[in-house]
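>
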Amino acid sequence: MAKKYSTVLFDADNTLLDFDMAEKCALKRVLSEFGIDATEETAALYSRINLSYWRAFERGEVTKAYLRTARFRDLFNEIGFKKEVDVTRVADCYLSYLGEGAFLLDGALPLCQRLKEEGYSVHIITNGIAATQKSRLAKSGLDKVIDKVFVSEEIGTQKPFPAFFEYVFENIDEKDKSKLLVVGDSYSSDIKGACGVGLDCVWLNRAKEENTLSLPITKEIESLRELFEFFGL
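Take 29 as the starting number for the sequence shown in our numbering and just add one per residue.
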């Protein structure tokens, strides 16, 4: 039977790579280095602050350069940390440690390997910071089975904006949009973006969120393992 898709566009964080684990490890390391007690409460607070900034970035309200330091400045203010700290240095150290966090979600590498073996083109589409993402992809082994990596920082626009996806269209071999499939975990970034430009998409919805905008999602899954059956692998 002929394949419906020829090309798969995977998000990176919390789709193939376990960002939560990488964040937790990097944050604990950098906070300890700068004399801050890396409690679970502090980590949870940072995650909330960080997520709010990434959502603002997706809406085009802040730049990535602003985000990378503002999240730490807000965190230190929230926890009442009075010692004077260079937040740029904190951010640089954090990103360096984050780049070492090459934790894979279950099934990620074998799925991409099987897709490549079956003749699919496999690409990464990410809003993450370029150097950090490429380091993590290389350390995880995913770089060996990925054709191209598209990073918003290098493109100049981000998911969910149509311009991001248009750039991807222009730089991949497949020109028939009906043969492209987006796979991602972020409703506001991956799924909204894919539906906005008429692409089929698979939502990795591990948190069991609601499809609040009634977007035309092709398939909703809770684990990457479900995609083996979806692709007939």
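Virtual Cβ for every residue (Gly too), placed ideally from N, Cα, C.
Apart from the five residues just before and just after Asp-54, which ones in its own chain have a Cβ nearer than 7 angstroms to its Cβ?
As a first step, residue 54 is located in the sequence shown; it is residue number 26 there, counting from the start. A quick correction: the sequence has Ala, not Asp, at residue 54. Contacts found: Tyr-122, Tyr-125, Leu-126, Gly-129.
> I need the straight-line Cα distance from Glu-257 to Asp-201, nearest angstrom please.
Here residue 257 is taken as the residue at index 229 of the sequence shown, counted from 1. Here residue 201 is taken as the residue at index 173 of the sequence shown, counted from 1. Going from the Cα of Glu-257 to the Cα of Asp-201 covers about 25 angstroms.
> Measure the alpha-carbon distance for Val-150 versus Thr-43 and round it to whole angstroms.
As a working mapping, residue 150 is identified with position 122 in the sequence shown. As a working mapping, residue 43 is identified with position 15 in the sequence shown. Cα to Cα, Val-150 sits roughly 14 angstroms from Thr-43.
> Since Pro-188 contacts Lys-220 with CB under 8 angstroms, what's their CB separation in whole angstroms?
Working through the sequence shown from its first residue, we reach residue 188 at position 160. Working through the sequence shown from its first residue, we reach residue 220 at position 192. Right, the Cβ-Cβ distance comes to about 4 angstroms (below 8 angstroms), so this counts as a contact.
> Taking Phe-109 as the reference, give the member of Val-90, Asp-65, Ala-84, Leu-255 with the closest Cα.
Along the sequence shown, one-based indexing puts residue 109 at 81. Among Val-90, Asp-65, Ala-84, Leu-255, the Cα nearest to that of Phe-109 is on Asp-65.
> Using DSSP with H/G/I as helix, E/B as strand and the rest coil, what is Leu-37?
Walking along the sequence shown from the start, residue 37 turns up at place 9. If DSSP states are grouped into helix, strand and coil, Leu-37 belongs with the strands.
> Going by DSSP, what residue range makes up the alpha helix (DSSP H) through Thr-70?
Within the sequence shown, the letter at position 42 stands for residue 70. Thr-70 -> alpha helix (DSSP H) spans 68 to 86.
> Within 8 angstroms, do at least three Cβ pairs link the stretch 33 to 47 to the stretch 129 to 147?
The answer is yes - the stretch 33 to 47 touches the stretch 129 to 147, with three or more Cβ pairs under 8 angstroms.
> Using the rule of at least 16 other Cβ atoms within 10 Å of the residue's Cβ for burial, across every protein chain shown, is Asn-199 buried or exposed?
Mapped onto the sequence shown, residue 199 falls at position 171. Asn-199 is exposed by the Cβ-count criterion.
> For Gly-20, is the classification buried or exposed, using 16 other Cβ atoms within 10 angstroms of its Cβ as the cut-off for buried?
The chain is shown only over 29 to 261; residue 20 falls outside these bounds and no answer can be derived.
> Tell me whether Met-29 sits in a helix, a strand or coil according to DSSP, three-state version.
The sequence position of residue 29 within the sequence shown is 1, counting from 1. Since pLDDT at Met-29 reaches only 44, below the 50 mark, its modelled position is unreliable, and the value read off the structure follows with that caveat. Met-29 falls in the coil class under three-state DSSP.
> With DSSP as the reference, identify every bridge partner of Ile-249, one or two as the case may be.
Here residue 249 refers to the residue found at position 221 of the sequence shown. Note: Ile-249 sits in a beta bridge opposite Leu-232.
> Which whole-angstrom value is the C-beta distance of Leu-170 and Leu-209, which I expect to be below 8 angstroms?
Residue 170 sits at position 142 when you count from the first residue of the sequence shown. Residue 209 sits at position 181 when you count from the first residue of the sequence shown. At roughly 17 angstroms, the Cβ-Cβ gap does not stay under 8 angstroms, so Leu-170 and Leu-209 are not in contact.
> Is Phe-100 helix, strand or coil by DSSP?
Within the sequence shown, the letter at position 72 stands for residue 100. Helix, per DSSP.
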